[in-house]
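Residue numbers (the working numbering), protein chains in the order written: chain D, 1 to 124; chain W, 1001 to 1244.
Quick reminder that beta carbons are idealized off the backbone N, C-alpha and C, glycines included.
Predicted model, so just to flag it, every value in this text is computed and none were measured.
What follows is a set of notes on a single structure, which appears directly below.
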Amino acid sequence: MSEESTELDQHGQHEEHSHEHHIVSPFVYLSILLALLVATGLTVWASFIDLGEWYIAPGLTLFWNPVVALAIACTKMTLVILFFMHVKYSSKLTMLTVGAGFFTFMALIGMTLCDYFSRAWGRW
Amino acid sequence: MAETGDTHHGEHPHYQRHHFETVEQQFDATNFAMWLFLLTEIMFFGGLFTAYLILRNWYYPAFVEASHQLNIGWGTANTAVLIISSFTMAMGVWSAEMRKKGLLVLFLVITFILGLAFLGIKSIEYSEKWEKHHVPGLHWNESSFLNPASDPEVHSKYPQDKPLAADMAGKTELYFFLYFAMTGMHALHMIIGICILGYMIYRARAGAYTTGHVTFVENFGLYWHFVDIVWIFLFPLLYLISRY
């Protein structure tokens, strides 16, 4: 058993291949937790303030409150994906998978929304 | 499921399957597969989010007044609970990697309890909806929107809410349909996650996961964090963006 475990330590995932299986430290996790909680407080606080709107054209106005809320949500998501889900420390294959997935997702949502929002321009 | 913990494979840890060259390859393959599964989940929830965005823009006044029925305090509390549970899950993965059995069990149990706390708060919110007849198709009445003054609790918080015309008031049912579909699907994922957590606690107490084979804990962590991310978007979209 001792021989086997020595062998594992030398060629296993913990010692030599630390670049392949990175162990994220609790300090990083704790920092991310605090950042996420602060961002949650921030998004609730911002929702009580009128951030105004941007009048672009007749029937086309951008309200800043939802934009800010979604921007904070995207930031929180990025922190969770990079650190809690270890993508920052993962293989290129994983990064590409996640990136391609989100790109496809954004393309599908973006094209669908563009279609719906431009069909009856300004009528809803 | 043949385990090969015998002497013929002295150079392999017993959890390495025959068809993988190395433990790293096995880990990368399962990790990749887990991410592919999560991408299908993103597409699944993405459909619900897209429907919500389109209908919210079509029936904006109805969606605004309907979302005023949600309690921001409960929503914020649940967001905090879920974020902390993601942290404890990440710490569970760390404990497994560091081969600390006691800590792993502890963090899994905390995650399990926080998951239940989330569902508890959610059930308080759901029962409020039931009492106010805001469950679409089943227990439904739109008088809160035809005449906001008839709902003094919400009306005192949002005195600017005007009575909606009958056709627009009817669209609030659509908001609550999406509210229950999205939070319900999210809650179903939580329930499945909590069941798997229970199984993992049982296995971890027996010493699984803390002998170098962390794949199951790691991949379950990915699932749990994904469910957290879904909530990170549900919270602002359902609770927060309807005041201004």
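Length of the line joining the Cα atoms of residue i and residue j
i, j, result
"Phe1020/W", "Trp1140/W", "56 Å"
"Leu96/D", "Thr104/D", "12 Å"
"Gly1170/W", "His1155/W", "19 Å"
"Ala1204/W", "Leu1104/W", "7 Å"
"Val80/D", "Ser1144/W", "38 Å"
"Trp1035/W", "Gly1102/W", "29 Å"
"Trp1074/W", "Val1023/W", "44 Å"
"Gly1212/W", "Tyr1223/W", "20 Å"
"Ile49/D", "Leu1106/W", "40 Å"
"Phe84/D", "Tyr29/D", "7 Å"
"Leu1090/W", "Asp1167/W", "The amino acid occupying residue 1090/W in the given sequence is Ala; Leu does not appear at that position. In a straight line, the C-alpha of Ala1090/W is about 48 Å away from that of Asp1167/W."
"Pro1236/W", "His1012/W", "48 Å"
"Lys137/D", "Glu1218/W", "Only positions 1 to 124 of chain D appear in this structure, which leaves residue 137/D out of reach."
"Ile72/D", "Thr1210/W", "36 Å"
"Gln1016/W", "Leu34/D", "37 Å"
"Ala46/D", "Asp1028/W", "41 Å"
"Lys88/D", "Leu82/D", "5 Å"
"Glu3/D", "Glu1097/W", "Any answer about Glu3/D is weak, because its pLDDT of 41 lies below 50 and its placement is not dependable; what the coordinates show is given next. Those two C-alpha atoms are separated by around 21 Å."
"Gly1000/W", "Thr94/D", "The first residue shown for chain W is 1001 and the last is 1244, placing residue 1000/W beyond what the model contains."
Opening and closing residue of the beta strand (DSSP E) in which residue i lies
i, result
"Phe63/D", "60 to 63"
"Ile56/D", "53 to 57"
Boundaries of the alpha helix (DSSP H) in which residue i is found, first to last residue
i, result
"Tyr1060/W", "1060 to 1067"
"Asn1078/W", "1072 to 1097"
"Lys92/D", "92 to 119"
"His1018/W", "No alpha helix (DSSP H) holds His1018/W; DSSP gives it neither H nor E."
"Pro26/D", "26 to 47"
"Ile1232/W", "1215 to 1235"
Where residue i falls, given that 16 or more other Cβ within 10 Å makes a residue buried
i, result
"Gln1160/W", "exposed"
"Leu1234/W", "buried"
"Tyr1199/W", "exposed"
"Gly1250/W", "Residue 1250/W lies beyond the stretch modelled for chain W, which goes from 1001 to 1244, so this question has no answer here."
"Ser31/D", "exposed"
"Pro58/D", "exposed"
"Phe27/D", "exposed"
"His1018/W", "exposed"
"Asp1228/W", "buried"
"Pro1152/W", "exposed"
"Trp1094/W", "buried"
"Lys1157/W", "exposed"
"Ser1150/W", "exposed"
Whole alpha helix (DSSP H) runs in the region 1107 to 1176 of chain W with 4 or more residues, listed along the chain? Qualifying alpha helix (DSSP H) stretches, in chain order: 1143 to 1146, 1152 to 1157, 1166 to 1170.
Quick one: which residues of the region 1217 to 1240 of chain W get their C-beta closer than 7 Å to a C-beta of chain D? List them in chain order. Result list: Leu1222, His1225, Asp1228, Ile1229, Ile1232, Phe1233, Pro1236, Leu1240.
Residues in the region 1039 to 1073 of chain W with C-beta within 7 Å of chain D's C-beta atoms, listed in sequence order? Of all residues in the region 1039 to 1073 of chain W, only Leu1039, Ile1042, Met1043, Gly1046, Thr1050, Leu1053, Ile1054, Asn1057, Trp1058, Ile1072 come within less than 7 Å of chain D when Cβ atoms are compared, listed by chain position.
Select from the region 1165 to 1191 of chain W all residues with a C-beta closer than 9 Å to any C-beta belonging to chain D, and list them in chain order. Going along the region 1165 to 1191 of chain W in chain order, one finds no residue with a Cβ nearer than 9 Å to chain D.
Residues of the region 44 to 57 of chain D whose Cβ lies closer than 9 Å to any Cβ of chain W, in chain order: Of all residues in the region 44 to 57 of chain D, Val44, Ala46, Ser47, Phe48, Ile49, Asp50, Leu51, Gly52, Glu53 have a Cβ within less than 9 Å of some Cβ in chain W.
Residues of the region 1016 to 1039 of chain W with Cβ closer than 9 Å to any Cβ of chain D, in chain order: When C-beta distances to chain D are compared with 9 Å, the residues of the region 1016 to 1039 of chain W below that value are Thr1022, Val1023, Glu1024, Phe1027, Asp1028, Asn1031, Phe1032, Trp1035, Leu1036, Leu1038, Leu1039, in chain order.
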